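**Student:**
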Amino acid sequence: MFNSIMSSNNMMVTPHWLATQVGSDILRSGGNSIEAMIASAAAITIVYPHMNSMGGDNFWLIKSSNDEAFAIDASGLSARKATIDFYKKKGFNSIPTRGDLSALTIPGAVSGWEKALNYSKKKLDGKKSLEELLEPAEQIAKHGILITNTLANNLINKKNELIVLKEFSEKFYDKKFIKAGNFIKFPELEETFKILKKNGLNDFYQGDINKKILSDLSKTQSPLSKEDFYNYNAYKIDPIKLKLKNYSLYNLPPPTQGLSSLMIMGILEKIRNRHENEFTFVHSVVEATKIAFKIRDKYISDPRFMKVDFKEFLDDEFLSKSAKKISFSKTLPWSNEYRKGDTVWLGAADKFGNVVSFIQSIYWEFGSGVFLPETGIILQNRGTSFSLNKTHHNSLIPGRKPFHTIQPALAIFNDGKIISYGTMGGDGQPQTQATILSRHIDLNMNPHDAINSPRWLLGRTWGDSNRNLKIENRFTKNFIGNLEKVGHEIELVGEFDEIMGHAGMIIRHKDGRLEAGYDLRSDGMAFGD
265 MFNSIMSSNN MMVTPHWLAT QVGSDILRSG GNSIEAMIAS AAAITIVYPH MNSMGGDNFW
325 LIKSSNDEAF AIDASGLSAR KATIDFYKKK GFNSIPTRGD LSALTIPGAV SGWEKALNYS
385 KKKLDGKKSL EELLEPAEQI AKHGILITNT LANNLINKKN ELIVLKEFSE KFYDKKFIKA
445 GNFIKFPELE ETFKILKKNG LNDFYQGDIN KKILSDLSKT QSPLSKEDFY NYNAYKIDPI
505 KLKLKNYSLY NLPPPTQGLS SLMIMGILEK IRNRHENEFT FVHSVVEATK IAFKIRDKYI
565 SDPRFMKVDF KEFLDDEFLS KSAKKISFSK TLPWSNEYRK GDTVWLGAAD KFGNVVSFIQ
625 SIYWEFGSGV FLPETGIILQ NRGTSFSLNK THHNSLIPGR KPFHTIQPAL AIFNDGKIIS
685 YGTMGGDGQP QTQATILSRH IDLNMNPHDA INSPRWLLGR TWGDSNRNLK IENRFTKNFI
745 GNLEKVGHEI ELVGEFDEIM GHAGMIIRHK DGRLEAGYDL RSDGMAFGD
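Residue 473 in my numbering sits at position 209 of the sequence shown, with consecutive numbering throughout.
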C-alpha cells in the first residue's frame, strides 16, 4: 500500500506540487500555517486556473495554537442589479452557466486572504509581510507554468463551451499549446500581484485592481458594479460542530453543504455493522449520503433566508432515525439535482501548533469563462446555482449568498489529535470526506492509504452529468456484484479516476508529530519539514 509523509515540524498538502512547495517554503522560513496557506492559495490560482482564481470564493477552518477553532466565510453575494426580472427581461428562465451573465456574485477569495492575514498578525504574532507571501505567485505568473494533464484535459473537454468567449479564447485557445508539458505565462496576473503587494489586498475591492476589473466588466453584461465590490468583506464565523464519541467534527455552516458532511458521519456512527466487510462499509456511506443530500437539496441556502434551524438535523434522535432507514438488502430511492464543482483543497500545519483546512473555488471548470484581460482574473459562476423561480428555497435575490458545495473539514479528538482534511468535487465532497476520515479512524488506515485506496462517488461532480454510483475499477467483481444485487446503479471508471476528486489530509498527533497524505489523482504533493 502507500506510505504517509511524516514530519516533526511543518506540513503542507495541496493538489499541485508547486503550490505545496510555495507553502512549505513559508513554513520553513518561520511562517505559520495561515501565512503559508495565503502564499499557496495565491500560487494555486496560477497553476490550477481551471479549479480556482482570485475571481472565486474561499472558506477557512482554523484550529489555532491558542485553542480557538473558527472559520472564515469569504463567499460572495449576488450583485445588487442581479434580480429575477433582470434575467427574465433578457429572455432567460434560468441563469446562464457561462459568459457575462453567469458572473453575478462578488469574488470573495482575496478578502478571505486579508481576513486570515489580519488574524495571523494580531493573534498569532505572524511575521510574514504581504510582499513575502505574494512574491512567489508573482514570480510564477512571470516565468510561467508547465501545463498539467488535468489543465490540458479540461481545456480540451470544455472547448466548445469556452472558445466562444472572446477574451478567454484569446488567452487559452488562440495559441496551440493545449498539451500537457507545454508552457504558458500569465503577465496579467504578474502585474496584478505586483499591485496587490504594493497597495494591499483591499485594493482588489476599492483600489487600482478594482478599477481594472470594473473597466473590463463595463464591456460585458455582468450585473456586478463598483458598489458590490466596495462594500464586500469576508468575515469570521463559528463553524458547525458535531460531537461524536471520541472526537468532534467541524465544518462550515450554510450556505455551504458542510451540514451534509457532518450528517453522513453522524448517521454512520449509528450503524453498528457498517465495517463488517467492504460491501457494508461502502453501502453505508452511499445510503447515508442519500439521506444527507435530501435534506441539503430541500433546505440549504443563505442562512439569512432559511426557514428551518439546520442544527436540528444534527440532533442525536434525528440521526438515529435516519440510520434506521438504511437496509443492507435494498437501496434507498435516489434522485439529485445537478451539482458541479471545481475546487482546490489545501491543508497546512506548523511547528507552532496551528492547523488550517482551506478550500477555494470558481464553481465549474474555469468558472464563468469570463477572463478579464487587464488583470488576468477569471470570474466564478457560483451564482448559477440560484433559481429564477421566486418560490424556490434558493431563489435569486440581490445581496444573497448562493448555495456552496465547497467546505473544508476538521476533526479534533478528545486526546488532542487534530485532523485537517478535504477534497474538491461537487457532490463528492461530503462523501469523500466521510470515506477518508472513516478509513483512518475505524479501519486504522494511514492518511495516504485512506485517500488512495479505491473510491466511489454517488451523484454528479465536475465534468460529469450522470447521477449513478461511480466505482473505480480497482474494486473486485464480487464486491461490485453485491452492490448491484441490492439496487445500486453502477458505472465503472478508471483506477485512479480524477472524477473522484483531489483529496488531502494532515494529522497532528497529540505528541506533535505530523502525518499527511495527498491524492495520486491530482498533480499534488505533501511535504513535511
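Beta carbons are placed, not taken as given, at the ideal position from N, Cα and C, and that holds for glycine. Just so you know, these numbers come straight off a predicted model, no measurement behind them.
To the nearest whole angstrom, what separates the beta carbons of residue 412 and residue 787, a pair I think is in contact under 8 Å?
**Tutor:** 5 Å between Cβ atoms; contact.
**Student:** Using CA atoms only, rank isn't needed, just tell me which of 273, 638 and 703 is closest to residue 456.
**Tutor:** The residue with the shortest Cα to Cα distance from residue 456 is 638.
**Student:** If you draw a straight line from the C-alpha of residue 312 to the C-alpha of residue 378, how long is it?
**Tutor:** Answer to the nearest angstrom: the Cα atoms are 21 Å apart.
**Student:** Does residue 294 come out as helix, strand or coil in the three-state DSSP assignment?
**Tutor:** Of the three classes helix, strand and coil, the one that applies to residue 294 here is coil, per DSSP.
**Student:** In its own chain, which residues sit with a C-beta less than 7 Å from the C-beta of residue 649, not counting the 5 before and 5 after it?
**Tutor:** Result list for residue 649: 658, 666 and 667, in chain order.
**Student:** Considering only the alpha carbon of each residue, which of 266, 696, 293 and 305 lies closest to residue 283?
**Tutor:** It is 305.
**Student:** Between 709, 529, 475 and 270, which has its C-alpha nearest residue 587's C-alpha?
**Tutor:** If we check each option's Cα against that of residue 587, 529 comes out closest.
**Student:** What is the DSSP secondary structure of residue 726, reduced to helix, strand or coil?
**Tutor:** Reliability fails at residue 726, whose pLDDT of 48 lies under 50, so the model's placement of it is uncertain and the value that follows must be treated cautiously. Residue 726 falls in the coil class under three-state DSSP.
**Student:** Ordered along the chain, which non-local residues of its own chain (more than five positions away) have a Cβ less than 6 Å from that of residue 633?
**Tutor:** Result list for residue 633: 362, 426, 429 and 432, in chain order.
**Student:** Would you mind stating whether residue 335 and residue 516 have Cβ atoms separated by less than 8 Å?
**Tutor:** Yes, the pair counts as a contact, with Cβ atoms nearer than the cut-off.
**Student:** Is the distance from the Cβ of residue 300 to the Cβ of residue 674 below 8 Å?
**Tutor:** Not in contact: residue 300 and residue 674 (Cβ atoms no closer than 8 Å).
**Student:** So for residue 668, helix, strand or coil by DSSP?
**Tutor:** Note: residue 668 maps to strand in three-state DSSP.
**Student:** For residue 437, name the three-state secondary structure that DSSP assigns.
**Tutor:** Three-state DSSP puts residue 437 in coil, outside helix and strand.
**Student:** Considering only DSSP beta bridges, list what residue 278 is partnered with.
**Tutor:** Paired residue(s): 789.
**Student:** Decide if residue 577 is buried, meaning its Cβ has at least 16 other Cβ atoms within 10 Å, or exposed.
**Tutor:** Buried: at least 16 other Cβ atoms inside 10 Å.
**Student:** Per DSSP, what kind of secondary structure is residue 553 in: helix, strand or coil?
**Tutor:** Reduced to three states, the DSSP call for residue 553 is helix.
**Student:** Within the same chain, show all residues whose beta-carbon is closer than 7 Å to that of residue 458, passing over the 5 residues directly before and after it, in chain order.
**Tutor:** Closer than 7 Å at the Cβ level, and outside the excluded window around residue 458, lie 402.
**Student:** Give the single residue among 777, 551, 488 and 608 whose Cα lies nearest to the Cα of residue 689.
**Tutor:** Among 777, 551, 488 and 608, the Cα nearest to that of residue 689 is on 608.
**Student:** Here's a check: name, in chain order, each residue in its chain whose Cβ is nearer than 7 Å to the Cβ of residue 281, leaving out the five neighbours to either side.
**Tutor:** The answer, listed in chain order, is 787, 788 and 789.
**Student:** Residue 256 to residue 749, Cα distance in whole Å?
**Tutor:** In the structure displayed, the chain extends from 265 to 793; residue 256 sits before or after that span and is not available.
**Student:** Let me know if residue 775 comes out buried or exposed under the rule of 16 or more other beta-carbons within 10 Å of its beta-carbon.
**Tutor:** By the neighbour-count rule (16 or more Cβ atoms within 10 Å), residue 775 is not buried but exposed.
**Student:** Kindly list the residues whose CB is nearer than 7 Å to the CB of residue 358, restricted to its own chain and excluding five residues on each side of it in sequence; keep chain order.
**Tutor:** For residue 358, where only same-chain residues beyond five positions count, the Cβ hits under 7 Å are 652.
**Student:** Whole angstroms is fine: what's the gap from residue 654's alpha carbon to residue 627's?
**Tutor:** Between residue 654 and residue 627, the C-alpha separation is close to 23 Å.
**Student:** I'd like the span of the alpha helix (DSSP H) that includes residue 384, first residue to last.
**Tutor:** Element bounds for residue 384: 373-387.
**Student:** Is there at least one non-hydrogen atom of the ligand HEM closer than 7 Å to the beta-carbon of residue 502?
**Tutor:** The model depicted lacks the ligand HEM and carries no ligand whatsoever.
**Student:** Any idea if residue 756 is buried or exposed, counting beta-carbon neighbours within 10 angstroms, 16 or more meaning buried?
**Tutor:** Under this definition residue 756 is an exposed residue.
**Student:** Distance, Cα to Cα, residue 565 vs residue 323?
**Tutor:** In a straight line, the C-alpha of residue 565 is about 16 Å away from that of residue 323.
**Student:** Out of 296, 574 and 325, point me to the one whose CA is closest to residue 563's CA.
**Tutor:** The shortest Cα separation from residue 563 among 296, 574 and 325 belongs to 574.
**Student:** Which value, in whole angstroms, describes the spacing of the CA atoms of residue 753 and residue 369?
**Tutor:** When rounded, the distance between both Cα atoms is 36 Å.
**Student:** Under a Cβ-count criterion, where at least 16 other Cβ atoms within 10 Å of its own Cβ denotes burial, should residue 602 be classed as buried or exposed?
**Tutor:** Only weak support is given to the placement of residue 602: the predicted model assigns it a pLDDT of 48, under 50, and the question is left unresolved by the model.
**Student:** Counting C-beta neighbours from all protein chains within 10 Å, is the total for residue 548 16 or more, i.e. buried, or is it exposed?
**Tutor:** Answer is buried; the Cβ neighbour count reaches 16.
**Student:** Going by DSSP, what residues sit across from residue 529 in a beta bridge?
**Tutor:** Looking at the DSSP assignment, residue 529 forms no beta bridge with any residue, so it has no partner.
**Student:** Does the segment 537-553 touch the segment 491-506, meaning 3 or more C-beta pairs lie closer than 8 Å?
**Tutor:** Short answer: they don't touch.
**Student:** Once the 5 residues before and after residue 679 are set aside, which same chain residues still bring their CB inside 6 Å of it?
**Tutor:** The answer, listed in chain order, is 774.
**Student:** By DSSP, does residue 621 sit in helix, in strand, or in coil?
**Tutor:** Looking at residue 621 - three-state DSSP - the assignment turns out to be strand.
**Student:** DSSP state of residue 561, grouped into three classes?
**Tutor:** It is helical.
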